[in-house]
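Visitor: Residues in the sequence shown are numbered from 2 upward in steps of one, following this note's numbering.
Note that CB positions come from ideal geometry on N, CA and C, so glycine has one too.
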Amino acid sequence: MTPDPTAVLDLRGTPCPLNFIRSKLALEKLELGAWLQVELDAGEPEQMVASGLREAGHRVEGQPGEGGGVRLLIQRLG
Numbered sequence: 002m003t004p005d006p007t008a009v010l011d012l013r014g015t016p017c018p019l020n021f022i023r024s025k026l027a028l029e030k031l032e033l034g035a036w037l038q039v040e041l042d043a044g045e046p047e048q049m050v051a052s053g054l055r056e057a058g059h060r061v062e063g064q065p066g067e068g069g070g071v072r073l074l075i076q077r078l079g
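1) Quick one: give me the first and last residue of the beta strand (DSSP E) that Leu73 is part of.
2) So, helix, strand or coil for Ala43, using DSSP?
3) Going by beta-carbon coordinates alone, are Gly58 and Leu78 separated by less than 8 Å?
4) At the level of alpha carbons, what is the spacing between Gly68 and Asp42?
5) Can you list, in chain order, the residues of its chain with a C-beta nearer than 6 Å to that of Leu28? Leave out the 5 residues immediately preceding and following it.
Structure, rendered in structure tokens:
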């Protein structure tokens, strides 16, 4: 079952590390347990954001996105 995100952030075309910073700031605005959907370019942006948020203690699930990108579903856990 796909979680229902509380907020959606489109960061396609946003360079590293700005995409990670924006994702982290958006998560901080959510309540614990809430989900954030982030649209990213595949490759380095996906890897940087996913690994950084996992290291921060959040749950991260990846899915294929539109136009060759990737969609991350991130649950705020800490």
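Guide: In brief:
1) Its beta strand (DSSP E) spans residues Val71 to Gln76.
2) Residue state for Ala43 is assigned as coil, using DSSP reduced to three classes.
3) Yes. Within cutoff.
4) Going by the C-alpha atoms only, they are around 9 Å apart.
5) Within the same chain, and ignoring the five residues on either side of Leu28 in sequence, the residues whose Cβ sits closer than 6 Å to its Cβ are Leu37 and Arg77.
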